[in-house]
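See below for the structure under consideration.
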Amino acid sequence: MSPYWVDALANTLEIQAPDYSALLAADLEDMRDGGAEALPTLSVKQPLSDAGLAYVLAGSRLGIGAIARRPTWGNLNRCANRFISDSQGIDIFRRLTAYFDGPHGHLIDRDMALQSAHDCFDAFAAAAYLVKDLKK
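Using my numbering, the first residue of the sequence shown is number 270, and each one after it goes up by one.
Pasting the structure below:
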């Protein structure tokens, strides 16, 4: 989903997206043998709307920010928490909501944005099932 995140922020906010894939891959490398390479991959279709994808992914960063305020498994076990401790998510979410409320907001195709948001959540669910299968 990373290339779509990069495109979504470039096309909506005209900013460079943080490389969350690299942060996560580095954390996984520190935590497990084989790092991210040992994990299954998930095919994700290109979103119909950059706005829908950006909203869901930026919103998920808000949740990660809330998690980062408490002790996590990673820092309790002296593992790097690059992905969780990144603080850019709140700023991106604020800028995105301002974008939606501003002059560009009325140009967004709401049906396509909603479908892209649903597709993003479906990808999250599919990833959760892959991880669940790894634990078996």
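Cβ coordinates follow ideal geometry from the N, Cα and C atoms, glycine included.
Could you tell me if residue i is buried or exposed, where buried requires 16 or more neighbouring beta carbons within 10 angstroms of its beta carbon?
i, result
"threonine 281", "buried"
"methionine 300", "exposed"
"glycine 321", "buried"
"isoleucine 361", "buried"
"alanine 327", "buried"
"leucine 311", "exposed"
"aspartate 319", "buried"
"serine 385", "buried"
"alanine 323", "buried"
Tell me which same chain residues have a C-beta within less than 8 Å of the C-beta of residue i, skipping the five on either side of it?
i, result
"isoleucine 359", "Arg330, Leu331, Gly334"
Specify, as a first and last residue, the run of the alpha helix (DSSP H) that residue i falls within.
i, result
"leucine 292", "289 to 300"
"aspartate 360", "358 to 370"
"valine 275", "271 to 281"
"arginine 351", "351 to 354"
Suppose the cutoff is 6 Å on Cβ atoms and the five residues either side in sequence are ignored; what does the same chain contact list for residue i look like?
i, result
"proline 309", "Leu399"
"threonine 366", "none"
"arginine 412", "This structure cannot speak to residue 412, because the chain is shown only from 270 to 405."
Which residues in the same chain have their Cβ closer than 7 Å to the Cβ of residue i, if we skip the five residues on either side of it in sequence?
i, result
"aspartate 388", "Lys314, Pro316"
Practice task
At 4 residues or longer, and completely inside the segment 315 to 344: list those alpha helix (DSSP H) runs for me, N to C.
Solution key: 319 to 337
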